[in-house]
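In terms of our numbering, the sequence shown opens at residue 890 and continues consecutively. The structure under discussion appears below in the form of structure tokens.
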Amino acid sequence: MAKKHFIIEGVPVHGIADRGKGVGRSAEGLTIFVEGAVPGDVADVFVQKKKGGFAEGKVERIVTPSPDRVEPFCEHFSVCGGCKWQNLDYSAQLRHKQQVAEDALLRIGKVEVGEFLPILGAPETTYYRNKLEFGFSNRRWLLPGEMDQKESGGDLKSPPDLNALGFHKAGFFDKLIDIQHCWLQADPSNALRNACRDIAFEQNLEFYDLRRHTGFLRNLMVRLTTTGEIMLLVSFAKNDKAAIRRYLDAILEKFPNLTTLVYTVNTKLNDSMFDLDMTTYFGKGFVIEQLGDLQFKIGPKSFFQTNSLQGKRLYDVAAEFAGLTGKENVYDLYTGTGSIALYLARQCRQVVGIEEIPEAIADAEENMRLNGIANAVFYAGDVK
């Protein structure tokens, strides 16, 4: 009987796959997806699973590090899983991601697409997101060495404080990593999130239990805009008006410069927000973002490109590829809040946006009025 777990020595890693795994090939020709490896590494690989013509494993030892391997700048990188390739130089990331796209279309999909243009890399690789969502949990993921664990995979004998406000541990729906500093969103995001945790401790509030569906504090969303506006959305699991008011008042006392503070009560088993009522506790209930000479009203449920700077570059490329002369009728399918449609509206005869979510269409129409655009029309419905 073949061994279930074993080590393959000296595997050269040549590419990337999804979920942050490197792709290598053994001397015998076996394709291996390797957690913790980057292209250019030569590694001894501990094989955890093998089936058919491929295997999955993790780095046991780096024999020769890749020249493109870099030191991750985030303290949470090894456990978080949110940023898959912080250990790979950004220019190398772009090369390998482009190869993945080309392989998907040409080699796997057999789609002829003509010339591939190079990926337009982001000018900023930290603090670029305008929206981040965090979860409250009473099942914090414990870091290595924090305490004794059972051999069965992580259930604790005598847990310390297990409350966390942060991101899900990759592969675990109920375990969250307590995030102290995230490099994805600019100030005051980190200070705001950490203050929300501190206030919860001060007020002795229950963090949500994702297995039992109990607790009080459930989710947190922070939106920032290039115009300097800030939205905070807090999701509660119970409609305890007095406790909600105490918590939100304490946040406003520490952060009086918030543009708007919104909350919702979610008693469902899932975290989706589109079917929930939003209550504006402070401010106007939305923020304003600017792309080029257009302004966009963004509410707590609105979809918007999470990287505003790259969003504008994307829209500029779309406009360049379209080659509009002012005489065309343009259709923006799955238009969302209409940002691409409105960005192109002044370059064409008319633009039509179609989107299944009625709230998104309402945002698109509001943004049309906000920017004085008269040649756009939006419909709520299924594109099919």
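The beta-carbon is built from N, C-alpha and C at its ideal position, and this holds for glycine as well.
Give me the Cβ distance between residue i and residue j, rounded to the nearest whole Å; I'm assuming they're in contact under 8 angstroms.
{"i": "Gln-1184", "j": "Asn-1260", "result": "6 angstroms"}
{"i": "Val-997", "j": "Ala-1084", "result": "According to the sequence shown, residue 997 is Ile rather than Val. At roughly 47 angstroms, the Cβ-Cβ gap does not stay under 8 angstroms, so Ile-997 and Ala-1084 are not in contact."}
{"i": "Gln-1199", "j": "Tyr-1136", "result": "About 34 angstroms separates the two Cβ atoms, so there is no contact after all."}
{"i": "Leu-1106", "j": "Phe-1025", "result": "4 angstroms"}
{"i": "Val-902", "j": "Gly-941", "result": "Not quite, the Cβ-Cβ distance comes to about 20 angstroms (not below 8 angstroms), so this is no contact."}
{"i": "Leu-1073", "j": "Arg-1018", "result": "5 angstroms"}
{"i": "Leu-1009", "j": "Val-1000", "result": "Contact flag wrong, Cβ pair sits at about 21 angstroms."}
{"i": "Gly-1181", "j": "Lys-1201", "result": "6 angstroms"}
Does any CB atom of chain B fall closer than 8 angstroms to the CB of residue i?
{"i": "His-1070", "result": "Among the protein chains of the structure shown there is no chain B, as only one such chain exists."}
Which residues mark the beginning and the end of the alpha helix (DSSP H) in which residue i is found?
{"i": "Gly-1117", "result": "Counting along the chain, Gly-1117 falls outside any alpha helix (DSSP H), and DSSP gives it neither H nor E."}
{"i": "Phe-1144", "result": "Neither: Phe-1144 is in no alpha helix (DSSP H) and is coded neither H nor E."}
{"i": "Arg-1028", "result": "Taken as a continuous stretch (DSSP letters only), Arg-1028 belongs to no alpha helix (DSSP H), as it is neither H nor E."}
{"i": "Asn-1256", "result": "1247-1259"}
{"i": "Ile-1229", "result": "1228-1234"}
{"i": "Ala-990", "result": "979-991"}
{"i": "Phe-966", "result": "966-969"}
Check this for me: beta carbons of residue i and residue j, under 8 angstroms apart or not?
{"i": "Thr-1014", "j": "Tyr-979", "result": "yes"}
{"i": "Leu-1065", "j": "Trp-1030", "result": "yes"}
{"i": "Phe-922", "j": "Glu-945", "result": "yes"}
{"i": "Lys-1190", "j": "Glu-1248", "result": "yes"}
{"i": "Gly-971", "j": "Lys-1058", "result": "no"}
{"i": "Gln-1236", "j": "Ala-1208", "result": "yes"}
{"i": "Glu-1245", "j": "Gly-1225", "result": "no"}
{"i": "Ala-1011", "j": "Asn-1196", "result": "yes"}
{"i": "Thr-1149", "j": "Thr-1169", "result": "yes"}
{"i": "Ser-1124", "j": "Asn-1155", "result": "yes"}
{"i": "Pro-956", "j": "Gln-987", "result": "no"}
{"i": "Asn-874", "j": "Phe-1005", "result": "Any answer about residue 874 is impossible in this case: the structure gives the chain only from 890 up to 1273."}
{"i": "Phe-924", "j": "Lys-938", "result": "Note that residue 924 is Glu in the sequence shown here, rather than Phe. No; because the gap between Cβ atoms is not below 8 angstroms, this pair is not in contact."}
{"i": "Asn-1108", "j": "Asp-1160", "result": "yes"}
Counting along the chain, where does the beta strand (DSSP E) carrying residue i start and finish?
{"i": "Ala-944", "result": "943-953"}
{"i": "Lys-1296", "result": "With the chain covering only 890 through 1273, there is no way to say anything about residue 1296."}
{"i": "Pro-961", "result": "Premise fails: Pro-961 is in no beta strand (DSSP E) and is neither H nor E."}
{"i": "Pro-901", "result": "895-905"}
{"i": "Lys-910", "result": "910-914"}
{"i": "Phe-1062", "result": "From DSSP, Phe-1062 is part of no beta strand (DSSP E); its letter is neither H nor E."}
{"i": "Ala-1265", "result": "1265-1269"}
{"i": "Ile-1088", "result": "Element bounds for Ile-1088: not the beta strand (DSSP E) but the alpha helix (DSSP H), 1078-1091."}
{"i": "Val-923", "result": "920-924"}
{"i": "Tyr-1220", "result": "1218-1222"}
{"i": "Glu-1244", "result": "1239-1244"}
Give me, in chain order, the residues of the same chain whose beta-carbon lies closer than 8 angstroms to that of residue i; leave out the 5 immediate sequence neighbours on both sides.
{"i": "Trp-974", "result": "Ile-905, Gly-909, Val-927, Gln-982"}
{"i": "Glu-1040", "result": "Low per-residue confidence applies at Glu-1040: pLDDT is 42, beneath 50, and the placement is therefore not dependable, though the value from the model is reported in the following sentence. The answer is none, since no qualifying residue turns up."}
{"i": "Val-1241", "result": "Asn-1218, Val-1219, Tyr-1220, Asp-1221, Ala-1230, Ala-1265, Val-1266, Phe-1267, Tyr-1268"}
{"i": "Met-890", "result": "Only weak support exists for where Met-890 lies, its pLDDT of 42 falling under 50; the coordinates are left without a value."}
{"i": "His-1102", "result": "Ala-1126, Leu-1158"}
{"i": "Asp-1087", "result": "none"}
{"i": "Val-959", "result": "Gln-975, Asn-976, Leu-977, Asp-978"}
{"i": "Glu-991", "result": "Phe-1005"}
{"i": "Phe-1062", "result": "Leu-1099"}
Is the closest heavy atom of the ligand ATP to the C-beta of residue i under 7 angstroms?
{"i": "Gln-1239", "result": "Among the components of this structure there are no ligands whatsoever, and the ligand ATP is therefore not found."}
Closer than 6 angstroms by C-beta to residue i: which residues in its own chain qualify, once you throw out the five before and the five after it? Chain order, please.
{"i": "Tyr-1232", "result": "Tyr-1204"}
{"i": "Met-1167", "result": "Val-1151, Thr-1153, Pro-1189"}
{"i": "Glu-1022", "result": "Met-1110"}
{"i": "Asp-1098", "result": "Asn-1027, Gly-1104"}
{"i": "Phe-966", "result": "Gln-975"}
{"i": "Gly-918", "result": "none"}
For residue i, which residues in the same chain have their Cβ closer than 7 angstroms to its Cβ, ignoring the five residues on either side in sequence?
{"i": "Phe-895", "result": "Val-936"}
{"i": "Lys-1186", "result": "Phe-1175, Ile-1177, Asp-1252, Glu-1255, Asn-1256, Leu-1259"}
{"i": "Val-952", "result": "Gly-899, Val-931, Ala-932, Asp-933"}
{"i": "Gln-1179", "result": "Thr-1115, Thr-1116"}
{"i": "Val-989", "result": "Ile-905"}
{"i": "Ser-915", "result": "Ile-897, Val-900, Ile-921"}
{"i": "Leu-1081", "result": "Val-1111, Leu-1121, Phe-1144"}
Problem - Ordered list of beta strand (DSSP E) runs contained in the region 1150-1203, each at least 3 residues - result: 1168-1172, 1176-1180, 1183-1187
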